[in-house]
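Q: For reference, the structure I am asking about is given below.
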Amino acid sequence: MTSTVSSVGTVSAVPQESSHSAISWGAVLAGAFAASTLTLILMLLGSGLGLSMASPWSGDGAGLTTFAVSTAIWLIIVQWLSAGVGGYLAGRLRTKWVNVHTDEVYFRDTAHGFLAWAVATLLVAGLLTSAVSSIVGSGVQAAATVASGATAAATTGATAAADNPTVSSATSYFVDSLFRPADAARLSAPGAEGDAAAAAQATRILAESAAAGEMAPEDKTYLAQLVAARTGISEADATARVDAMLARAEEAKAKAIEAAETARKAGASFALFGALSLLIGAFIAAAAAALAGSQRGEDDAVALQVR
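Letter by letter, the sequence shown follows residues 782 to 1088 of the numbering used here.
Encoded structure:
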């Protein structure tokens, strides 16, 4: 504090800026390390509880909604506890400030808690980047797959199967089901080249139908005739086989879209609840640091009175 003399002879005090930083980085880092360590412990505990809820047997484990709600609640609990501990330590371990206004002390305490939470969040994010990216990215990738259309993937697989009959794909399975003979002995009969050509034609028809979204009537008729000629069954039975194959293909496509939509919703819910839990953690850390700072101030006052 320095004094200056004005032109009228009065003396006024001019506050001098302190050369010391208002941030106690030691306290911030201590609180951040404590918060990040507690976060990892609680996340491992949550993973164990989540695995105990899951079951490979249908109907035995928790449902998707129950699992999602439990995960969201646990994320909030993790942030609540870890941010509270980290913020409280940052507030209690900070360097003592003297000749500082009460409002400024309150602001600095809350800032220390917030900084401890921010550093801890970055530490945990750095350690769990791959896991978080995998969880969130699965929903984004699933949404992109649905947006681009499952038919594009089906077309690619069918084209590959047409160029190379040995390629394993869902389309190849449907083609094999079309040309499955009534008598298995026909598989050893001559005419393998003709069967391969028929399978290639059927694959191209299925690929074009998948791209268009439906099979043209003339393609369906020709495919039934082709199946009848290569398998030895009647044309009516071949038509019924084609209809059954198309129904199974549509069912598989619907299941794939449903699974992608479920993954997209799960990824979106995880991201939203994760952001909410982080906001709660930031508030708890700041509040805990302010509480710790006020308690330290009370302890200092008591110590001065005792002296």
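The C-beta atom is built at its ideal place from N, Cα and C for all residues, glycine as well.
#1: Ordered along the chain, which non-local residues of its own chain (more than five positions away) have a Cβ less than 8 Å from that of Met852?
#2: Determine contact between the segment 848-863 and the segment 1011-1019, defined as no fewer than three beta-carbon pairs at a distance below 8 Å.
#3: If I'm right that Ala1066 touches Gly868 with Cβ under 8 Å, what's the distance once you round it to whole angstroms?
#4: Between which two residues does the alpha helix (DSSP H) holding Arg889 run?
#5: By the DSSP assignment, the alpha helix (DSSP H) with Val1008 in it spans what residues?
#6: Since Ala897 and Gly812 should fall inside the 8 Å C-beta cutoff, what is the C-beta to C-beta distance between them, to a whole number of angstroms?
#7: If you draw a straight line from the alpha carbon of Gly894 to that of Val809, how long is it in whole angstroms?
#8: Helix, strand or coil, according to DSSP, for Ala931 in the structure here?
#9: What did DSSP end up calling Arg873 once you bin it into helix, strand or coil?
#10: Whole-angstrom Cβ separation of Val1008 and Ala980, contact assumed at under 8 Å?
#11: How would you label Val881, buried or exposed, when you count the other beta carbons within 10 angstroms and need 16 or more for buried?
#12: Just checking Leu826 against the ligand GDP - is the residue's beta carbon closer than 7 Å to any of the ligand's heavy atoms?
#13: Contact defined as beta carbons within less than 8 Å: I believe Arg1077 pairs with Arg889. What is the distance between those atoms, to the nearest angstrom?
#14: What's the C-alpha gap between Leu908 and Ser990?
#15: Please report how far the alpha carbon of Trp878 lies from the alpha carbon of Thr891, in whole angstroms.
#16: From the DSSP output, in three-state form, read off Ile1065 for me.
#17: May I have the straight-line CA-CA distance separating Lys1001 from Ile1014, to the nearest angstrom?
#18: Give the straight-line distance between the Cα atoms of Pro946 and Ile986, rounded to the nearest whole angstrom.
#19: Candidates Ile857, Ala983, Glu1032 and Gly1048: which alpha carbon is nearest Leu749's?
#20: Candidates Gln1006, Leu1057, Thr902 and Ala977: which alpha carbon is nearest Leu819's?
#21: How many whole angstroms separate the CB atoms of Ser817 and Leu904, which I take to be in contact at a CB cut-off of 8 Å?
#22: Of the residues Ala1047, Thr1043 and Val1023, which one's Cα is nearest the Cα of Val850?
#23: Give the secondary structure of Glu995 by DSSP, where H, G and I count as helix, E and B as strand, and everything else as coil.
#24: Quick check on DSSP: helix, strand or coil for Ala803?
#25: Rounded to a whole number of angstroms, what is the C-alpha to C-alpha distance between Val1058 and Gly994?
A: So, from the data block:
#1: According to the sequence provided, residue 852 is Thr. The question's Met does not apply to it. Hits under 8 Å: Gly827, Gly831, Phe1051 and Phe1054.
#2: no
#3: 3 Å
#4: Thr883 to Leu908
#5: Pro998 to Thr1012
#6: 3 Å
#7: 7 Å
#8: Note that Ala931 scores 43 on pLDDT, short of 50, meaning its location in the model is unreliable and no value can be drawn from it.
#9: helix
#10: In fact, because the Cβ distance is near 11 Å, the residues do not count as touching under 8 Å.
#11: exposed
#12: Among the components of this structure there are no ligands whatsoever, and the ligand GDP is therefore not found.
#13: In fact, because the Cβ distance is near 12 Å, the residues do not count as touching under 8 Å.
#14: 47 Å
#15: 14 Å
#16: helix
#17: 16 Å
#18: With a pLDDT of only 43 at Pro946, under the threshold of 50, the placement of this residue in the model should not be trusted; the figure read from the coordinates follows. Roughly 15 Å separates the two Cα atoms.
#19: No statement about residue 749 is possible, as the shown extent of the chain runs from 782 to 1088 and does not include it.
#20: Thr902
#21: 4 Å
#22: Ala1047
#23: coil
#24: coil
#25: Checking the sequence shown, residue 1058 turns out to be Ser, not Val. Cα to Cα, the separation comes out at about 43 Å.
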